[in-house]
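Colleague: For the sequence shown, full-length UniProt numbering assigns the number 330 to the last residue and increments by one with no breaks.
Virtual Cβ for every residue (Gly too), placed ideally from N, Cα, C.
No experiment lies behind these values; they were computed from the predicted model shown.
Quick one: the structure is below, questions incoming.
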Amino acid sequence: MNTANQRLFNQTAKDSNLVEQEVRRDDIGFGTKLTDSRSRLVNQDGTFNIVRVNGTLWDRLNVYNRLITMGWLQFMGWLVVFYVTANTFFAGVYMLAGPDTLQAASEKALYGPFWKCFFFSSQTLTTVGYGHIAPDSFLTSSIAAFESMVGLLAFALATGLLYGRFSRSVAHIRFSKQAVLAPYLDVNGWMFRIINTRSNQLVNLDVSVSLSRLEPGADGSLYRKYYGLSLERSKVAFFPTNWTIVHPITEKSPLYGCTPEELERSDAEFLISLQALDDTFVQSVHTRFSYRFNEVLWGYKFRPMFDGTEGMPVKLDLNKLDDVQEAPLN
1 MNTANQRLFN QTAKDSNLVE QEVRRDDIGF GTKLTDSRSR LVNQDGTFNI VRVNGTLWDR
61 LNVYNRLITM GWLQFMGWLV VFYVTANTFF AGVYMLAGPD TLQAASEKAL YGPFWKCFFF
121 SSQTLTTVGY GHIAPDSFLT SSIAAFESMV GLLAFALATG LLYGRFSRSV AHIRFSKQAV
181 LAPYLDVNGW MFRIINTRSN QLVNLDVSVS LSRLEPGADG SLYRKYYGLS LERSKVAFFP
241 TNWTIVHPIT EKSPLYGCTP EELERSDAEF LISLQALDDT FVQSVHTRFS YRFNEVLWGY
301 KFRPMFDGTE GMPVKLDLNK LDDVQEAPLN
């Protein structure tokens, strides 16, 4: 390679590195290569829109995390499934060992040998032992001893999971379904609204908002860039009512002069992270949310959520979180 070509190659590599540094400067963790405009980065339930593949089976199952974070009905359903499955399995083992090796006070009330084995298994697994069914051989006594150990371990694990679920502090923050772009002071502002749906107190709330959009780099390729949006107020000490978070659109704002069409072309998404201290558990809680370009109402503002009567407590109507009214932009 001659000197001129070498110089050109070095300059091209240098320009490419500068482009990479420029687009990564404000990266909040998603990288610059996620340019698919058909999907969002953060789902509205706070989960990331990322699917991991080629992991190990244990990593994919992630049993403890799933059991701690799933809904209560689903969790109780899995407990019932485990209980019935375990007793059915051990009932089959007792059937193989011979149902006659189980001595019952009354065979007629058990509806057959399988149910005799099943109910004996349930009494052994839970260590209840009513006494009207008992093992009558060394083999069934050994199986029952092993099952009782399995029952003790299983109920210890279930107790730990229940405690973990009850002691886990979660931020029950509800976000408005749509953000709005409305007049704010002598300019316009991009804003959304949140409320705490529970009666527990959240203190020292800290919120940050980033704008993610596709922009062409110096090499002509599309890169995903991130801009931290300055907020009218990013922290509050108390959160007794609703809170409308506002980004004033000044000349320094990345939204200055933007139109709905431009936001759509750039696949804009507003990424929100919120942290607070739960006063009940004295633990930090956090939540995430996002608004896509098509989830922003232009020329609307939020209506008040609370009514105050003199001498009476302020009533906060949670159903009014998404109520808006038209407001011509400045």
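1) Skipping 5 residues on each side, what residues in its chain have a beta carbon closer than 8 Å to that of serine 290?
2) What does the Cβ neighbour count give for serine 266, buried or exposed, with the cut at 16 atoms within 10 Å?
3) How big is the Cα-Cα spacing for glutamine 21 and glycine 257?
4) Using the rule of at least 16 other Cβ atoms within 10 Å of the residue's Cβ for burial, across every protein chain shown, is serine 230 buried or exposed?
5) Give me whichever residues DSSP pairs with arginine 174 in a beta bridge.
6) Serine 212 and tyrosine 226: beta carbons closer than 8 Å?
7) Give a yes or no on whether the C-beta atoms belonging to leucine 329 and asparagine 188 are separated by under 8 Å.
8) DSSP on leucine 50, reduced to helix/strand/coil?
9) From glutamine 103 to proline 135, what distance separates their C-alpha atoms?
10) In its own chain, which residues sit with a C-beta less than 8 Å from the C-beta of aspartate 279, not counting the 5 before and 5 after it?
11) Roughly how many angstroms separate the alpha carbons of proline 99 and alanine 171, rounded to a whole number?
12) Is DSSP giving tyrosine 130 helix, strand or coil here?
13) Leaving aside the five residues before and after leucine 126 along the sequence, list all residues of the same chain whose C-beta is less than 8 Å from its C-beta, in chain order.
14) Could you give the uninterrupted runs of the beta strand (DSSP E) lying entirely in the segment 80-106, keeping only those of 3 residues or more?
15) Once you ignore the five residues that flank leucine 18 on each side, which residues in its own chain have a CB closer than 8 Å to its CB?
16) Name the two residues that bound the continuous alpha helix (DSSP H) containing asparagine 65.
17) By DSSP, does leucine 162 sit in helix, in strand, or in coil?
18) Check proline 113 in the structure and name its three-state DSSP category.
19) Judging by CA-CA distance, which residue of Arg174, His132 and Phe119 is the nearest neighbour of glutamate 147?
20) For glutamate 215, does the three-state DSSP call read helix, strand or coil?
21) Please report how far the alpha carbon of tryptophan 190 lies from the alpha carbon of proline 216, in whole angstroms.
22) Just tell me which of Pro254, Asn242, Lys301 and Glu264 has its CA closest to the CA of leucine 316.
23) In or out: methionine 305 buried (at least 16 other Cβ within 10 Å) or exposed?
24) So, at 6 Å on beta carbons, what are the nonlocal neighbours of leucine 274 in its own chain, with the 5 sequence-adjacent residues on each side left out?
25) I need the boundaries of the beta strand (DSSP E) containing leucine 271, first residue and last residue.
26) Can you tell me whether DSSP reads asparagine 204 as helix, strand or coil?
27) Closest to glycine 77 by C-alpha separation, out of Ala158, Phe192, Asn196 and Phe48, would be which residue?
28) Which of helix, strand or coil does DSSP assign to arginine 265?
29) Determine whether the beta carbon atoms of valine 80 and valine 180 lie at a separation below 8 Å.
30) Answer yes or no: do arginine 165 and isoleucine 68 have a C-beta to C-beta separation smaller than 8 Å?
31) Using 8 Å for Cβ pairs, my map puts alanine 182 next to alanine 327. What's the rounded Cβ distance?
Modeller: Taking the geometry as given:
1) The residues Arg40, Leu41, Val42, Asn43, Gln44, Glu269, Phe270, Leu271 and Ile272, in chain order, have a CB closer than 8 Å to that of serine 290 in the same chain once the five nearest residues on each side in sequence are set aside.
2) buried
3) Low local confidence applies: a pLDDT of 44 at glutamine 21 is under 50, so the model's placement there is unreliable, with the coordinate-based value given in what follows. So the two alpha carbons sit approximately 26 Å from each other.
4) The residue is exposed, with fewer than 16 neighbouring Cβ atoms inside 10 Å.
5) Looking at the DSSP output, arginine 174 bridges to Ile195.
6) yes
7) yes
8) This sequence places isoleucine at residue 50; leucine is not what is there. Reduced to three states, the DSSP call for isoleucine 50 is coil.
9) 6 Å
10) Asn200, Gln201, Leu202 and Val203.
11) For proline 99 and alanine 171, the distance between alpha carbons rounds to 52 Å.
12) coil
13) The sequence shown places threonine at residue 126, not leucine. Cβ within range, chain order: Gly151 and Phe155.
14) 102-104
15) Because leucine 18 carries a pLDDT of 40, less than 50, the predicted location of this residue cannot be relied on, and no value is offered for it.
16) Looking at the DSSP string, the run of the alpha helix (DSSP H) that includes asparagine 65 is 63-69.
17) When secondary structure is reduced to three states using DSSP, leucine 162 falls in the helix class.
18) helix
19) Phe119
20) strand
21) 24 Å
22) Asn242
23) buried
24) Val207 and Thr287
25) 269-278
26) strand
27) Ala158
28) Arginine 265: helix per DSSP, three-state reduction.
29) no
30) yes
31) Right, the Cβ-Cβ distance comes to about 5 Å (below 8 Å), so this counts as a contact.
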